[in-house]
Amino acid sequence: MALSAHPFHPTTGELLPGYRDAYLRGDLSNKNTELVDAYLKANPAKSEETYYRFHTLQGNGHAVRPVGWVRQQLTQIQTEPARFRQRAGGLLVVAALLSGAVFAAKHPAASASPELAGATVSSVPYSELAANEAASASTFKMTTVVGRILDEDGHPLVGATVLDKKSGRGVSTGADGKYSLVIPDNQALNLQFGYGGYSEEEVQVKGRSVQNVTLLPRTDQQPKRRWWLF
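When you read off a place in the sequence shown, starting at 1, and then add 27, the result is the number in our numbering.
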């Protein structure tokens, strides 16, 4: 039966964990699914958290069913370049390895079949495993760049854009000129700030930061032609 109760905390407005997991299993009503979709689109940090939670549940053997925003992300990954698909595939491999470790812990070697008793297991130094795990974690760790985009008089520019030139993803500012863009952590990226009729600005960022940008009107525009009647 689809859950139709309100999925958000009555005071903070945050998505409740139990309803987040129900959303990932496809157990919410259509109306609540639409509400959660809108919430994830408006909260980049929570959307990334929910995306990784989906793969964690899937790797642990839970019955998950991508709907709404999550299904859009999976479709987008399938249509992106191979490099992004490989990174997404790596995430699934890590989740599978973690679930396998949990299974092994619950089934000691003493209960292994005779065929496996004589198998040779090659050992890998812990330092190498730790280094590989740290490298994988840094690959998938995300962070947020926030800030405001203002005009030459210090007024917010509503609808100005911020574009990650490497991935092609971007966001727009709200009524207060504020924006929030999710980017990969510990990677140098060039962000392009733009607004109609204003000169574009490009800023290099690396990791979480606050970038407040002031855009100036373009000076290369041709003056309007005027016709005088005599």
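Think of the CB as a built atom: it goes at the ideal place given N, C-alpha and C, for glycine as much as any other residue. None of the values given here were measured: they were computed from a predicted structure.
Asked, Found
"Within 8 Å, strictly: CB atoms of E193 and Q219", "Per the sequence shown, residue 193 should be read as Lys rather than Glu. No."
"Spatial neighbours of V97 in its chain, beta-carbon cut-off 6 Å, leaving aside the 5 residues before and after", "F81"
"Exposure label - P34; buried when at least 16 CB within 10 Å", "buried"
"Local conformation of H228 per DSSP, three classes", "The question names His, yet the displayed sequence has Glu at residue 228. If DSSP states are grouped into helix, strand and coil, E228 belongs with the strands."
"Spatial distance of Q231 from Q214 (CA atoms)", "10 Å"
"Secondary structure of L67, DSSP reduced to three states", "helix"
"Runs of beta strand (DSSP E) wholly within the region 164-228 (minimum 3 residues, chain order)", "169-177, 188-191, 197-199, 205-211, 215-221"
"T241, DSSP secondary structure in three states", "strand"
"Inter-residue CB distance, R47 and V91 (contact presumed, cutoff 8 Å)", "In fact, because the Cβ distance is near 12 Å, the residues do not count as touching under 8 Å."
"Same chain, Cβ closer than 7 Å to E41, neighbours up to 5 away in sequence not counted", "F35"
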